[in-house]
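J.: Note that my numbering has the sequence shown beginning at -13, numbered continuously upward. My questions all concern the structure below.
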Amino acid sequence: MFSTVFSPAARLVRTQFLGLLALVIVLTGGAAYAATAAKNSVNSKSIKNGTVQTVDLKNGAVTTEKLALDSVTSDQVKANSLTGADINESTLGAVPNAQQLGGVPAADYLRGAVYKTEAATDAGTTLGDGTSVKAQACDAGDILLSGGPASLNATTDLIESFPTPGSTNSWSARVDKNGVGDNWTVVILCLDSNR
């Protein structure tokens, strides 16, 4: 009796429920379809300026070939992010000749060729304390750049090595041979200022 009395009402509810379910399926299916655009249907006119951010792009999706010529300027490049490999050096102009370098005029810089010379390899001059001294000078008028002893035995100790006092173009060295015979030399680098 229960089923016969409510049977028309039960049919109505069941029919309404099925209709509502069909409506929900149609509406949500349509929304899902609208959220998935067809391939290549979104173009730059479809996108509001500033809405696509770096995080929205797949890594490696934007390559050099996809950038318009001159679309990236120096203001858009992170400071110190470019290396020599990123720069086409043939596009750079020639470096201008400097009238000054570090505030010093070009005429004040040394000009000439660097050459090496050395003293004879021998025992040197023995001093009263048992040490040996030797000096070597650049050619007259040339400028001493550096110097030091060479060809020392492993048993010989270097006592001092310095520009010769009272001279602007000579180098001196003093060694202690520790009682063992040792022939040695002084090697210097000079600037030939006559060139």
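Using N, Cα and C, we set each Cβ at its ideal position, and we do this for glycine too.
(1) CB-CB under 6 Å to A121, same chain, minus the five flanking residues each way: which ones, in chain order?
(2) Any contact between the segment 101 to 109 and the segment 172 to 179? By contact I mean 3 or more CB pairs, one from each, below 8 Å.
(3) Spell out the partners DSSP gives S132 in its beta bridges.
(4) Out of curiosity, what's the CA-to-CA distance linking K52 and S30?
(5) Using DSSP with H/G/I as helix, E/B as strand and the rest coil, what is V100?
(6) Could you have a look at V161 and say whether DSSP puts it in helix, strand or coil?
(7) Would the segment 58 to 67 and the segment 133 to 148 be scored as touching if the rule is three or more Cβ pairs under 8 Å?
(8) Give the DSSP-derived three-state secondary structure of V166 in the structure shown.
(9) Can you give me the start and stop residues for the beta strand (DSSP E) that Q122 sits inside?
T.: By the coordinates alone:
(1) Position 135 of the sequence shown, counted from the first residue, corresponds to residue 121. Excluding residues within five positions, the ones whose Cβ falls inside 6 Å are T150, S156, S158.
(2) They touch, by the three-pair rule.
(3) Taking the first residue of the sequence shown as 1, we reach residue 132 at position 146. According to DSSP, which records beta bridges pairwise, S132 is partnered with L175.
(4) Position 66 of the sequence shown, counted from the first residue, corresponds to residue 52. Position 44 of the sequence shown, counted from the first residue, corresponds to residue 30. Approximately 14 Å, taken between the alpha carbons.
(5) For the purposes of this step, residue 100 is taken as the residue at position 114 of the sequence shown. It is a strand residue.
(6) Mapped onto the sequence shown, residue 161 falls at position 175. Of the three classes helix, strand and coil, the one that applies to V161 here is strand, per DSSP.
(7) No: the two stretches stay apart, fewer than three of their Cβ pairs being nearer than 8 Å.
(8) Taking the sequence shown and counting its residues from 1, one reaches residue 166 at position 180. If DSSP states are grouped into helix, strand and coil, V166 belongs with coil.
(9) Here residue 122 corresponds to residue number 136 of the sequence shown, with the count starting at 1. Note, Q122: beta strand (DSSP E), 118 to 123.
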